[in-house]
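Peer 1:
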Amino acid sequence: MSLEPQELDDLTSKIGRKPTSTELQIVAAEWSEHCSYKSSKKHLKMLPMKGPLVISEKGYDSGVLDVGDGYVITAHIESHNHPSAVEPYGGAATGVGGVIRDILSAGTRPIAIFDSLRFGDIEKDLQARWLFKNAVTGIADYGNCLGIPTIGGEVEFD
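Each residue of the sequence shown is one higher than the one before, starting from 411 at the first, in the numbering used here.
#1: Cβ atoms of Ile487 and Val474: under 7 Å apart, would you say?
#2: Can you grab the Cα-Cα spacing for the pair Lys413 / Asp479, in whole Å?
#3: By how many angstroms is the C-alpha of Gly508 removed from the C-alpha of Ile394?
#4: Could you check if Ser472 is buried or exposed, using at least 16 other CB atoms within 10 Å of its CB as the buried criterion?
#5: Roughly how many angstroms separate the alpha carbons of Leu541 and Gly426, rounded to a whole number?
#6: Pick out whichever of Thr504, Glu566 and Ile483 has its Cα sitting closest to the Cα of Ser526.
#7: Are any of the Cβ atoms in chain C nearer than 7 Å to that of Asp531?
#8: Which residue marks the beginning of the alpha helix (DSSP H) containing Thr432, and which one marks its end?
#9: Is the segment 487-507 in contact with the segment 550-567, if contact means three or more CB pairs nearer than 8 Å?
#10: With DSSP run on the structure shown, which of helix, strand or coil describes Ser526?
#11: If we ignore side chains and look at the alpha-carbon of each, how far apart do Phe529 and Asn491 end up?
#12: Inspect the beta-carbon positions of Gly548 and Phe524 and report whether they are closer than 7 Å.
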């Protein structure tokens, strides 16, 4: 379970009793970084939401920008840290699936994937090397089977 002690206290206070184990599991999942962005939300709020080229409004899962001549660019950022750490191929692949889903939900068509990845020292850490190899393969395979190639990105190692 991923609830901090203060979060458990807050939950207990809100519902006025000790939560059941089922309630704890549900809340831990919903309050996770993956679902609620509890630690990154303050940083995301600093990103610009309005401008002459912005088509989508706050609250949509993808940003849509007008680039002229009837074309738009739709961008989506997905963090799949926990699923990718547990099973890097499937975690990274389903992360790409979430990006594609949200771009389609915006009424646009994905044509390419870019990624931004962070890993430990793959020269010294076998786990980091395994994560890197399998996550990169999962990203490529998911997009390629749909005809959406990974055409760029960045990777950084600690």
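Glycine included, each C-beta is placed from N, C-alpha and C at the ideal position.
Peer 2: Let me lay it out:
#1: Not closer than 7 Å, so no.
#2: Residue identity differs from the one stated: residue 413 is Leu in this sequence, not Lys. Between the alpha carbons of Leu413 and Asp479 lies a gap of roughly 49 Å.
#3: Lying before the first or after the last residue shown, residue 394 is absent from the chain, which here runs from 411 to 568.
#4: It counts as buried.
#5: In this structure, the straight-line span from the alpha carbon of Leu541 to that of Gly426 is close to 42 Å.
#6: Glu566 is the residue among Thr504, Glu566 and Ile483 whose C-alpha sits nearest the C-alpha of Ser526.
#7: Any reference to chain C falls outside this structure, which holds one protein chain only.
#8: Annotation for Thr432: the continuous alpha helix (DSSP H) segment containing it runs Ser431 to Glu440.
#9: Look at the beta carbons and you see the segment 487-507 touching the segment 550-567: at least three pairs across the two are nearer than 8 Å.
#10: DSSP places Ser526 within a strand segment (E or B) once states are collapsed to three.
#11: Near 10 Å, if we compare the C-alpha coordinates of Asn491 and Phe529.
#12: Judged by beta-carbon spacing, Phe524 lies beyond the 7 Å limit of Gly548, meaning their Cβ atoms are not closer than that value.
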